[in-house]
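Residue numbers (the working numbering), protein chains in the order written: chain A, 1 to 310; chain B, 1001 to 1278; chain C, 2001 to 2545.
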Amino acid sequence: MSQVRWLLRRLAGGIGVLVGAATVTFLAMELIPGDPARALVGSAPATPQTMDLIRHEMGLDLPLPVRYARYLGRLATGDLGRSYQLQQPVSTIIGEQVWPTVQLALAATVLAFAGAVLVATLTAGRWRAARGIAQAAELVAVSTPSFWLGLLLLSVFAFRLRLVPVGVDQGPAALILPAVTLAVPVGAILTQVLRDGMEGALRQPFVVSVRARGVTEFTLRARHVLRHGLSPAVTLSGWLVGHLLGGAVLVETVFARPGLGRVTLAAISSRDFPVVIAMVLFVAVVFVAVSTAVDGLYRVIDPRLRGASP
Amino acid sequence: MTIVDTTRRVPRVPTAGVVAAGIVLALLLLAVLAPGLLTRTGPDEVDPIIALRAPDGTHWLGTDQLGRDVFTRIVHGARISLVTGIAATLLAVVAGTVLGLLSALGGRIVDEVLMRAVDVLLALPGILLALLVIAVLGPGPVSELVAIAFAAVPGYARMIRGQALSVRRADYVTSAVAIGVRPAGLVWRHVLPNSLGPVLVLATLGTGSAIIIGSSLSFLGLGPRQPTPEWGAMLADGRDFLSTAWWVGVFPGLAITVTVVAVTVLGRRWQRRFEGVR
Amino acid sequence: MRQLRTMAAAATALALLAVAGCGSTPAAGEGAKDEGAPVAGGTFNYAIDSEPSCLDPHVSLADATAFITRGVVDSLVVQDADGSFKPWLAKSWKVSDDLRTYTFDLRTDVTFHDGTKFDAAAVKANFDRIVAKETKSQYASTLIGPYTGTTVVDEHTAEVRFSAPFQPFLQAASTAYLGIQSPKAFTDYAGALCEHVVGSGPFVFASHTRQQNVTLTRSPSYPSAPPNAKHAGPAHLEKVVIRFLSESATRLGTLTSGEVQGISAVPVPNVAAVQANTSLQLIRTDAQGAVYTLFPNTSRAPFDDEKVRLAFQRALDVDTLVKSVYFGQYRRAWSFLSPNTKYYEPSLEQRTKYDEAAANKLLDDAGWTARDADGYRTKNGKRLAVAWPYTQQQAAVQQRGTFAQAVQAAEKKIGIEVVRTSVQTAELFGLVAKAQYDIFDESWTRADPDLLRIFYASTSKPLTGQNISWVNNAEVDGWVNGAAATADDAKRKDAYSRTQLWVQEHAVAFPVYVPAYLLAASTKVHGLRSDPASFPLLYDAWLSK
């Protein structure tokens, strides 16, 4: 299959996922009990006429298929609508809040990969004791909910030891704890995958020949084995990004950080439909983009894949 | 959340670890079935006079802001956490199995539609899916259950489909079809028994994830109604006391971690054995 | 020049201090002491616990909106600590005998931050906007009552008219919700007014970053300081950054680490630690208005039976519960009105006694004699259960969720099941509108006993009013409506006393605690006063080096 055809197919699949995500969200929002017009007005006194006016403004008086068609049409033109609660265009809100979350997710990704590479390289296929300790730590890491880890780190390092600032706009230092919290469970899983890949590679014949050339164990691991181990870990990237964005809901709540996660949580509890829809689409877009990019990268790096279907 | 790749080598779990996990799970089981055996009082017995007592001989893990015994509440909370985790996982397995089999055996169009839907759901993080479900159904124990299950269904569906397809292509099944075995019989006789092993392993490990998502939802205030002793909710209540009365939040948090570790350890042990047999 | 102005300001401040004596609110506990002459300049970082969804005081009902915009918009009049009204944007005013017309003589030297002149037309534009349907006002339109219109008599005289006698108008007009914004901004920022507030106050609204902060900057000139302020001219602080930190532990942490100089809503478990910290001060102000109260829905069973309501009340050991949940930081409430609200009825104190035996007897008398397997009382096979729906946001305020669990445990002892159901905001309003609940809990900050009308007049049904107890009593109507239609002090006192006694006697409110504004600040912060709504005023505040 040619590169272009592959890319087109991936894009079509991606758009399919996005339309699907939009549909899922639309249906979910339709099923929610309670009157969105009332959610908009809050506890304010409002006559039935006012409520009807608001419903009309929101298009709530139209039949379902019409609303769905209009909804998809608006999304297609990039119009995400206005937030009911915040009285602002949704694109503005996302624009404002996306950067803190991206910072957090990027920092967590770097930490997770760096930690995973370090631990896996050091422990793959040797030192039973070290490996056992690392595995036990990984097990505890994936078994601890992020909100719990976050609270623990916060009260020890920020409140008790005062090593890092608590506040949110204190520059990179305030990013440390949230990023670590988000990175730990992801890093633990990456370490497991990476170590497996490396141990697989260590058993392969080329290792013997490389060793025979007299390279040090460190060079062998860092230059040759790690590369083999990395590929299964990198294929997890799409999942990883989704996980980070999902985890941001809890981590941002615990650390009182601004960002998309908290916006999502607030929007879900106040039934701010346009914001919820936009967030789901945003996550889906990121997922599709990242997994397409990673697959594409692989095709470039590894010519063997070019013949295979996606 | 936990990515389980059955082709991957599972870490070997030392026997001591398995025994410890077994003991933990046995205690949890006892807490679920007969919490009264482990505690003296009910989980909701409020006594403001003894509020926020530090752990001592009478109150092993201290008391909370209303003077309720933290140990008692953790014991009673085991039922909520474990039952929610296990029930949600079973629900997800059943739904995933049905969808996976439909997809594998229901023809090309069904397969396309279902797998595209699964793709969509897999693109969204589990916690976001769970939050969406809770937004639709409203908070509460049942919607929490459905929410956790919903987040896990796509994974099981895809896996069952894969298993079913590989069994279908196996020689003995091809010959079974050739000699005229009906599809329903085929599913019953060959596909299900062969898929069940890996699914059950996946489900055991998935229970750990389900407990984590469940406690996260409760932490966000979307779990069972008050005053139900749920570990995530107890931790949320305790967060304002981390500097003054750490025991209110720390012990429920430990309970979550220890439980999930124990479940995972047993799941991995099972996974190894299962793979060894294969 | 700058030095001179500072000194002049300090001199004025001292002079005013001498005249005004102690200008803090009656309930202010350990207030900020005034040490030395105020210093101009500096940035005050203040962390509060909630972020309003809209910063337009005409639209929002959030306390946080009132606090943030209080420094930005001035009002026609100011309410002093003793409850009396003093001139502000209005130099003087006349009230017609029928309490239907208020004529304001306005200041002539005031300019909005965008350069627009303040005049009678501006007053009209503001009040007309509040009641306009498109504004979707959530609270200001209730405060302004039976408003029919404003007449611009001349450039600096405005006549505000009502369709019925409306005594509470001055109090309403003194709040930030009815603060005067620049009419030009209504068109300049049409559609974005929740993010842009243009007033004539001592601070200019500079920016809002969602989920982070609001920044206010000092207005270079401020001719219209209210007479109860401690100085005149521009504010001392050069900049105020109001940060939004909803996690209590984090909020407190930013204060102790010095990242902010003040926080609102000090978590009660940590109050002792704050008091013990010599570099911090605690300022505690009891709120005026309706105390934190559980309101029974008297329109349906079981709370349509007064005996059941009385039993519910007797079963609550409010003293002990409030003490333990709030570490003694909040006072136990006896009446619907908080003790520092005008016409509070002190004879209610000590009247409602905790008495489990009496509660049990009342339920027996009411016919709830059988008990089911779970220990709850039943009548004709039906369990004695009351539904108490709530939202997560409600439960998080002042640990009300925890308090509710204590209520559940207490009522369980006498056999009443309290069912707490967590719902979403829209759903909750739906339940309230349809009277499908048995308990609704809230407190309401307002420095005026007219709240009794909003909560108990039969015409004040949810959601246009706040009669969430669904009381429909001709006598009560007579008192609360009568009090709103008279300026006679004795008559009003009598009517409000009777109403409070009636509310207690018939158990149509279960008052719990008097909410307090707990503010902690660095000892470098001086001159923080509380306004009648108990929020700190930023105008007189200053930072020492």
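Built from N, CA and C at the ideal position, the CB exists for glycine as well.
Q | CB of C/Leu2193 within 8 Å of CB of C/Asp2063, strictly | A | Counting from 1 along the third sequence, the entry for residue 2193 of chain C is found at position 193. Counting from 1 along the third sequence, the entry for residue 2063 of chain C is found at position 63. Taking 8 Å as the cut-off, the Cβ atoms of C/Leu2193 and C/Asp2063 do not count as close.
**Q.** Residues that C/Gln2394 contacts on chain A, provided the C-beta gap is smaller than 8 Å
**A.** The sequence position of residue 2394 of chain C within the third sequence is 394, counting from 1. The contacting residues do not exist; C/Gln2394 stays about 12 Å from chain A at best.
Q | For C/Gln2392, three-class secondary structure by DSSP | A | Your numbering for residue 2392 of chain C matches position 392 in the third sequence. Three-state DSSP puts C/Gln2392 in a helix.
Q: Consider the Cβ of C/Arg2453: report whether some Cβ of chain A lies at a distance smaller than 8 Å.
A: Reading the third sequence from its first residue, position 453 is the one you call residue 2453 of chain C. So, not an interface residue.
Q: Tell me, please, whether the CB atom of B/Arg1116 is closer than 8 Å to any CB atom in chain C?
A: The sequence position of residue 1116 of chain B within the second sequence is 116, counting from 1. B/Arg1116 has a beta carbon lying at 8 Å or more from every beta carbon in chain C.
Q: Pull out every residue of the region 1117-1140 of chain B whose Cβ sits closer than 7 Å to any Cβ of chain A, in chain order.
A: For the region 1117-1140 of chain B, residues whose beta-carbon sits nearer than 7 Å to a beta-carbon of chain A comprise Ala1117, Asp1119, Val1120, Ala1123, Leu1124, Pro1125, Gly1126, Ile1127, Leu1128, Leu1131, Leu1132, Ala1135, Val1136 and Gly1138.
Q) Taking 8 Å as the CB-CB cut-off, is C/Leu2321 touching chain B? A) For this step, residue 2321 of chain C is matched to residue 321 along the third sequence. Yes, because at least one Cβ of chain B sits closer than 8 Å to the Cβ of C/Leu2321.
Q: Could you name the residues of the same chain whose beta carbon sits closer than 6 Å to that of C/Val2153, not counting the 5 residues immediately before and after it, in chain order?
A: For the purposes of this step, residue 2153 of chain C is taken as residue 153 along the third sequence, with counting starting at 1. So the list reads Glu2159, once near-sequence residues are dropped.
(Q) Residues in the same chain with beta-carbon distance under 7 Å from C/Val2274, minus the five sequence neighbours each way, listed in chain order, please. (A) Walking along the third sequence from the start, residue 2274 of chain C turns up at place 274. Hits under 7 Å: Val2266, Leu2280, Leu2282 and Ala2520.
Q | Residue-chain proximity (C/Gln2399, chain A), Cβ-Cβ < 8 Å | A | What you label residue 2399 of chain C is simply residue 399 of the third sequence in a count that begins at 1. Chain A has no Cβ within less than 8 Å of the Cβ of C/Gln2399.
Q: Just confirm the distance between the C-beta atoms of B/Val1070 and B/Leu1082, as a whole number of angstroms; I'd bet it's less than 8 Å.
A: Sequence index remark: in the second sequence, residue 1070 of chain B carries index 70 (1-based). Sequence index remark: in the second sequence, residue 1082 of chain B carries index 82 (1-based). That belief does not hold up - the Cβ atoms of B/Val1070 and B/Leu1082 are roughly 18 Å apart, past 8 Å.
**Q.** DSSP beta-bridge partners of C/Ala2516
**A.** As a first step, residue 2516 of chain C must be located in the third sequence, where it is residue number 516. According to DSSP, which records beta bridges pairwise, C/Ala2516 is partnered with C/Asp2286.
Q) Does C/Leu2425 have its Cβ less than 8 Å from a Cβ in chain B? A) Taking the first residue of the third sequence as position 1, residue 2425 of chain C is located at position 425. The question names Leu, yet the displayed sequence has Thr at residue 2425 of chain C. It does not: the Cβ of C/Thr2425 has no partner Cβ on chain B nearer than 8 Å.
Q) Rounded to a whole number of angstroms, what is the C-alpha to C-alpha distance between B/Gly1036 and B/Gly1042? A) One-based indexing of the second sequence puts residue 1036 of chain B at position 36. One-based indexing of the second sequence puts residue 1042 of chain B at position 42. Distance between the alpha carbons of B/Gly1036 and B/Gly1042 is about 8 Å.
Q: Taking 8 Å as the cut-off, decide whether the C-beta atoms of C/Gly2199 and C/Asp2074 are in contact.
A: Translated into the one-based positions of the third sequence, residue 2199 of chain C becomes position 199. Translated into the one-based positions of the third sequence, residue 2074 of chain C becomes position 74. Cβ atoms of C/Gly2199 and C/Asp2074: closer than 8 Å.
Q) Does any CB atom of chain C fall closer than 8 Å to the CB of B/Thr1063? A) On the second sequence, position 63 is the one that residue 1063 of chain B refers to. No, because no Cβ of chain C sits closer than 8 Å to the Cβ of B/Thr1063.
**Q.** Same chain, Cβ closer than 6 Å to A/Gly187, five either side skipped, listed in chain order
**A.** For this step, residue 187 of chain A is matched to residue 187 along the first sequence. Answer for A/Gly187: Ala112, Gly115 and Ala116, listed in chain order.
Q: Spell out the partners DSSP gives A/Phe218 in its beta bridges.
A: Here residue 218 of chain A refers to the residue found at position 218 of the first sequence. A/Phe218 is not bridged to any residue.
Q. From the DSSP output, which residues share a beta bridge with C/Asp1976?
A. Nothing about residue 1976 of chain C can be reported from this structure: the residues present for chain C run from 2001 to 2545 only.
Q: Go ahead and pull the three-state DSSP assignment for A/Thr191.
A: Here residue 191 of chain A refers to the residue found at position 191 when the first sequence is read from its first residue. Correct three-state label for A/Thr191: helix.
Q | Min CB distance A/Asp85 to chain C below 8 Å | A | Walking along the first sequence from the start, residue 85 of chain A turns up at place 85. Looking at the sequence shown, residue 85 of chain A is not Asp but Gln. Answer yes: the Cβ-Cβ gap between A/Gln85 and chain C drops below 8 Å somewhere.
Q: Have a look at B/Ala1104 and B/Arg1169 and give me their C-alpha separation to the nearest angstrom.
A: Indexing the second sequence from 1 puts residue 1104 of chain B at position 104. Indexing the second sequence from 1 puts residue 1169 of chain B at position 169. Taking the straight line from one Cα to the other gives about 11 Å.
Q. Smallest Cα separation from C/Arg2492: which of C/Glu2345, C/Glu2356, C/Phe2085 and C/Leu2363?
A. Here residue 2492 of chain C corresponds to residue number 492 of the third sequence, with the count starting at 1. The residue among C/Glu2345, C/Glu2356, C/Phe2085 and C/Leu2363 with its C-alpha nearest the C-alpha of C/Arg2492 is C/Glu2345.
**Q.** Inter-residue Cα distance where the pair is C/Trp2088 and A/Asp52
**A.** In the third sequence, counting from the first residue as 1, residue 2088 of chain C sits at position 88. In the first sequence, counting from the first residue as 1, residue 52 of chain A sits at position 52. If you take the alpha carbons of C/Trp2088 and A/Asp52, they lie about 40 Å apart.
Q) Should C/Arg2420 be labelled buried (16 or more other beta-carbon atoms within 10 Å of its own) or exposed? A) For the purposes of this step, residue 2420 of chain C is taken as residue 420 along the third sequence, with counting starting at 1. Classification of C/Arg2420: buried, given that the 10 Å Cβ count is 16 or more.
Q | Residues of the region 129-140 of chain A with Cβ closer than 9 Å to any Cβ of chain C, in chain order | A | Along the region 129-140 of chain A, none of the residues has a CB nearer than 9 Å to a CB of chain C.
Q) Could you check where the alpha helix (DSSP H) with C/Val2505 kicks off and where it finishes? A) In the third sequence, the residue the question calls residue 2505 of chain C occupies position 505. Here residue 2505 of chain C is Glu; the residue named in the question, Val, does not match the sequence. First-last of the alpha helix (DSSP H) with C/Glu2505: Asp2489 to Glu2505.
(Q) Does chain C have any CB closer than 8 Å to the CB of B/Leu1090? (A) Residue mapping note: residue 1090 of chain B aligns to position 90 of the second sequence, counting from 1. No Cβ of chain C is located within less than 8 Å of the beta carbon of B/Leu1090.
Q) Can you give the Cα-Cα distance for A/Gly81 and A/Glu96, rounded to whole angstroms? A) Your numbering for residue 81 of chain A matches position 81 in the first sequence. Your numbering for residue 96 of chain A matches position 96 in the first sequence. The straight-line gap separating the alpha-carbon atoms of A/Gly81 and A/Glu96 is approximately 16 Å.
Q: Tell me, please, whether the CB atom of B/Arg1040 is closer than 8 Å to any CB atom in chain D?
A: Judged by its chain identifiers, the structure shown contains no chain D, and its protein chains are A, B and C.
Q: Could you check how far apart the C-beta atoms of C/His2058 and C/Ala2140 are, in whole angstroms? I think they sit under 8 Å.
A: For the purposes of this step, residue 2058 of chain C is taken as residue 58 along the third sequence, with counting starting at 1. For the purposes of this step, residue 2140 of chain C is taken as residue 140 along the third sequence, with counting starting at 1. Right, the Cβ-Cβ distance comes to about 5 Å (below 8 Å), so this counts as a contact.
Q | B/Arg1073 beta carbon less than 8 Å from that of B/Gly1140 | A | The residue you call residue 1140 of chain B lines up with position 140 of the second sequence. The residue you call residue 1073 of chain B lines up with position 73 of the second sequence. With contacts defined by Cβ atoms closer than 8 Å, B/Gly1140 and B/Arg1073 do not form a contacting pair.
Q. Taking the alpha carbon of C/Leu2488 as the point to measure from, which residue in C/Phe2166, C/Val2386, C/His2231 and C/Ala2047 has its own alpha carbon closest?
A. Position 488 of the third sequence, counting from 1, holds the residue named residue 2488 of chain C. What sits at residue 2488 of chain C in the sequence shown is Asp, not Leu. The option with the nearest alpha carbon to C/Asp2488 is C/Phe2166.
Q) When DSSP builds the beta bridges, which residues end up paired with B/Asp1069? A) Indexing the second sequence from 1 puts residue 1069 of chain B at position 69. According to DSSP, which records beta bridges pairwise, B/Asp1069 is partnered with B/Thr1063.
Q. Among residues of its own chain, excluding the 5 on either side of A/Leu236, which ones have a beta-carbon nearer than 8 Å to its beta-carbon?
A. The residue given as residue 236 of chain A occupies position 236 in the first sequence. Closer than 8 Å at Cβ, skipping near neighbours: Ile189, Leu190 and Val193.
Q. Which ranges would you report for the alpha helix (DSSP H) in the region 1149-1234 of chain B if only whole runs of at least 4 residues count?
A. Taking only runs of at least 4 residues, the alpha helix (DSSP H) segments lying wholly in the region 1149-1234 of chain B are 1171-1178, 1183-1186 and 1192-1219.
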